[in-house]
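Take a look at the structure set out below.
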Amino acid sequence: MGSARLFFTENLLEWNKEQNNRSMPWKNEKDPYKIWLSEIILQQTRVEQGWPYYERFIQYYPTVQQLAQAPEEEVFRLWQGLGYYARCKNMLAAAREITNTYNGKFPDQYDQIKALKGIGPYTAAAIASFAFNLPHAVLDGNVFRVLSRFFGIDTPIDSTAGKKQFSELAQALLPADKANVYNQSIMDFGAVVCKPQAPNCDDCPLQRKCAAFNQNLINLLPVKTKKIQVKKRYFNYIILQHKNNIYIRKRTASDIWQNLHEFILMETDNATDFTALQKDNRFRDLLGDLPFSIEKISALLKQQLTHQTIYSQFITIKVSTAPALHDYIAVSQKQLNNYAFPKTITTYLESNNLQLF
DNA sequence: AACACGGGGGC
DNA sequence: GCCCCAGTGTT
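If you want the numbering used here, it's the 1-based position in the first sequence plus 45.
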């Protein structure tokens with residue numbers, strides 16, 4: 046076992062030195078703020094998807110103080126479309142914590158870093174090692190996969206036992222004085238060579254001692270047990286217009302798209318049409334006896350997410366008398382650009398920009 | 001321990 | 001369709 050471990054780390058570092066051509070804006074970055082920003086953006090997010098967001102954030106907020114001073118809605122606008130919006134909320138809270146508690150100087154101890162909002166064990170280890178070369182091994186999807194395959198470990202990576210086992214192994218393998226380059230190496234290796242599907246085993250420098258390769262288990266490792274349930278939801282959006290204004294509100298429930306904005310929502314258990322919707326109490330409560338005109342009814346649009354399939358329909362309605370809506374605010378079309386919306390809504394807005402009014 | 005949280009790309 | 005992505009917070 047000891048020799049396998051030595052073989053693993055030595056050949057991994059050798060691969061990094063000789064064959065790793067992966068280039069990214071935050072690689073070899075030493076500013077903990079920029080490293081942190083990249084790590085938050087990249088949580089459960091592909092590098093290509095997060096890349097332009099990283100560039101934009103750095104451009105808008107070159108320092109943590111500047112991010113901390115930014116208005117929340119502006120930060121959400123920059124995050125719009127990236128998903129997992131709690132990351133954005135937590136990021137801003139952490140920036141303000143760093144500015145207030147640490148005087149704007151990013152903390153340089155693992156425990157302090159991990160205590161910040163939105164920073165868990167992975168991100169804390171990444172920042173600690175990349176910025177400060179502290180000996181904390183990263184454990185992300187790449188590391189789970191590489192270790193599981195090379196060492197032939199079939200403990201489910203989404204179990205408590207698996208997390209503990211892989212975490213201890215990752216830490217034991219880490220060359221304490223090379224945490225920075227080693228952590229970078231193992232993640233790049235997982236992304237470039239030991240990929241989830243169709244890994245490049247032919248060109249793999251670890252192949253000779255790889256348990257999964259030698260036992261033909263490449264496609265069976267790592268093991269995951271949990272399967273996700275995808276539920277269907279039906280969002281009927283009323284785009285209510287009065288003069289030059291549209292009514293929107295911020296989503297506050299602990300549900301998808303928390304802190305993003307939306308039009309007047311009437312969610313139903315099944316697909317419905319406007320005739321049926323008009324009989325809904327929520328619609329009656331909305332306008333009372335006010336006269337209205339139907340301007341446009343969209344097709345049923347589908348958005349596939351990890352945990353749910355969302356079917357949405359947009360119904361544009363005009364009224365000449367302002368309705369009294371407590372939860373919603375009236376904004377002009379121009380002002381819509383000041384608010385962050387989920388992808389379903391921005392896609393609809395972009396494709397109907399000229400027809401909205 | 002289980003679940004929720006977005007959006008997109010590869011196959 | 002299903003899996004995965006530089007995971008974390010809540011229940």
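The beta carbon of each residue, even a glycine, is placed where N, CA and C say it ideally should be.
Worksheet entry | Among D153, A236, I143, nearest to V191 - alpha-carbon criterion | Minimum Cα-Cα distance from V191 among the listed residues D153, A236, I143 corresponds to A236.
Worksheet item: Is the CB-CB distance between D203 and L265 below 9 Å?
Response: Cβ distance not < 9 Å, so D203 and L265 don't count as in contact.
Practice prompt. From the DSSP output, in three-state form, read off L345 for me.
Written response: DSSP places L345 in coil when its eight states are reduced to three.
Fill in: Assigned exposure category for S174 - 16 Cβ within 10 Å defines buried
buried
Practice prompt. Could you please give me the residues that DSSP links to R294 through a beta bridge?
Written response: E307
Worksheet item: Can you list, in chain order, the residues of its chain whose CB lies under 6 Å from that of T403, leaving out five sequence neighbours each side?
Response: No answer is possible for residue 403: it lies beyond the span of the chain, which begins at 46 and ends at 402.
Fill in: Simplified DSSP state of L127, which is helix, strand or coil
coil
Practice prompt. Give me the Cα-Cα distance between C406 and E142, rounded to the nearest whole angstrom.
Written response: One cannot answer for residue 406 here, as it falls past the ends of the chain, which runs 46 to 402.
Discussion item. So if DSSP puts F280 in a beta bridge, which residue, or which two residues, is it bridged to?
Written reply: E312, S357
Fill in: Own chain, CB closer than 7 Å to V275, minus 5 neighbours either side, in chain order
Its chain contains H352, Q353, T354 as the residues whose beta carbon lies nearer than 7 Å to that of V275, once the 5 sequence neighbours on both sides are disregarded; these appear in chain order.
Worksheet item: M136 to K79, Cα distance in whole Å?
Response: 12 Å
Practice prompt. Would you kindly work out how many angstroms separate the C-alpha atoms of A206 and Q216, rounded to a whole number?
Written response: Looking at the backbone, the Cα of A206 and that of Q216 are separated by about 15 Å.
Practice prompt. Identify which residue in I164, V183, L161 has its Cα closest to the Cα of A170.
Written response: V183
Discussion item. Between the alpha carbons of D318 and L305, how many angstroms are there, rounded?
Written reply: 25 Å
Worksheet item: Heavy atom of the ligand ATP less than 8 Å from the Cβ of I103, yes or no?
Response: As for the ligand ATP, it is missing from this structure, which has no ligand bound.
Practice prompt. Quick one: using the 10 Å Cβ neighbour count with 16 as the cut-off for buried, is Y292 buried or exposed?
Written response: Counting other Cβ atoms within 10 Å of its Cβ, Y292 reaches 16 or more and is therefore classed as buried.
Discussion item. Less than 9 Å between the beta carbons of R132 and Q88, yes or no?
Written reply: yes
Worksheet item: In whole angstroms, what separates the C-alpha of F177 from that of T54?
Response: In this structure, the CA atom of F177 is about 21 Å from the CA atom of T54.
Worksheet item: Which two residues bound the contiguous beta strand (DSSP E) that contains A375?
Response: 374–377
Discussion item. By alpha-carbon positions, which one of G126, I374, A367, G186 ends up nearest to F211?
Written reply: G186
Practice prompt. Apply the 10 Å Cβ neighbour rule to D330 and answer buried if 16 or more other Cβ atoms are within range, or exposed otherwise.
Written response: exposed
Discussion item. Looking at the secondary structure, which residues open and close the alpha helix (DSSP H) in which S174 lies?
Written reply: 166–177
Discussion item. Within a Cβ cutoff of 6 Å, which residues of the same chain sit near A138, ignoring the five residues on either side of it in sequence?
Written reply: K162
Worksheet item: If F189 sits next to A256, beta carbons under 8 Å apart, how far is it from one beta carbon to the other, in whole angstroms?
Response: Going by Cβ atoms, the distance from F189 to A256 rounds to 15 Å, so no, they are not a contact pair.
Worksheet item: Is the stretch 376–387 touching the stretch 323–338 in the sense that three or more CB pairs, one from each, lie closer than 8 Å?
Response: Between the stretch 323–338 and the stretch 376–387, the count of Cβ pairs shorter than 8 Å is below three; the stretches do not touch.
Discussion item. Please state the DSSP three-state secondary structure of V364.
Written reply: strand
Worksheet item: Any idea what DSSP makes of I403, helix, strand or coil?
Response: Past the edges of the chain, shown from 46 to 402, lies residue 403, and the structure says nothing about it.
Discussion item. Using a Cβ distance threshold of 8 Å, determine whether the stretch 147–155 contacts the stretch 115–134, with at least three qualifying pairs required.
Written reply: no
Practice prompt. Please name the residue in F386, D153, A369 whose C-alpha comes closest to that of Y129.
Written response: F386
Practice prompt. Taking only the alpha-carbon atoms, compute the straight-line gap between R194 and H371 and give it to the nearest angstrom.
Written response: 56 Å
Worksheet entry | Sequence-distant residues of its chain with Cβ nearer than 6 Å to K159 (five each side left out) | A169
Discussion item. Given a cut-off of 9 Å on the beta-carbon distance, is the pair Y282 and F308 in contact?
Written reply: Against a cut-off of 9 Å, the Cβ pair of F308 and Y282 comes out as a contact.
Practice prompt. Can you check the stretch 191–228 for any alpha helix (DSSP H) of at least 4 residues that lies completely inside it and give the ranges in chain order?
Written response: 205–218
Worksheet item: Which residues in the same chain have their Cβ closer than 7 Å to the Cβ of L399, if we skip the five residues on either side of it in sequence?
Response: Unreliable placement is indicated for L399, whose pLDDT of 47 sits below 50; no coordinate value is reported for it.
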